[in-house]
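The structure appears right after this line, and notes come after that.
In our numbering, the protein residues as written are 10 to 157.
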């Protein structure tokens, strides 16, 4: 008894094989490159913090003071640290939409302007820690990547 293959299935296979090969080649073919435009956004900020290492103070107020040395503007932020938390970190400049943010005596919100800054944290009216930092000159550019 002989086994026969229907003629139409052989024809379909002979048609599908080249179509499959053509589809595979089409998917693997390189796509024509186009120039791409990107928007760049940069935000400079500094994270400042203080911590009662051994937790002996209990609840205390940490008053952060940041001064722009170029403009002599000073910005303040007071945080209450509850018993058991020991420390707190803050971000300078903080967003004015937040409940607590760095602001001047007149209520002006701090901005990250290029230049040198000094900072300190006062706990119970005494300087606990301080330092310096610098915000570099940055630019938000539009960059075009060339076709190559």
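Glycine included, C-beta positions come from ideal geometry on N, C-alpha and C. This one's a predicted model, so the numbers in the text were calculated from it and none came from an experiment.
- Counting along the chain, the unbroken beta strand (DSSP E) around residue 98 starts and ends at 96-101.
- Residue 118 and residue 131 have their C-alpha atoms some 20 Å from each other.
- A Cβ-Cβ separation of about 12 Å leaves residue 74 out of contact with residue 88 under the 8 Å criterion.
- Judged by DSSP in its simplified three-state form, residue 83 adopts strand.
- In the DSSP assignment, residue 74 is bridged to 85 and 129.
- The DSSP-derived three-state label of residue 137 is strand.
- Residue 103 and residue 34 have their C-alpha atoms spaced approximately 54 Å apart.
- Here DSSP, grouped into helix, strand and coil, assigns residue 121 to coil.
- Collapsing the DSSP output to three states places residue 116 in coil.
- CA-CA distance, residue 55 to residue 48, rounds to 23 Å.
- Contact annotation, residue 124 with residue 77: C-beta distance approximately 6 Å; criterion of less than 8 Å satisfied.
- Residue 144 and residue 52 have their C-alpha atoms spaced approximately 10 Å apart.
- Looking at the DSSP output, residue 110 shares a beta bridge with no other residue.
- Put simply, of 135, 146 and 128 the residue whose alpha carbon is nearest the alpha carbon of residue 58 is 128.
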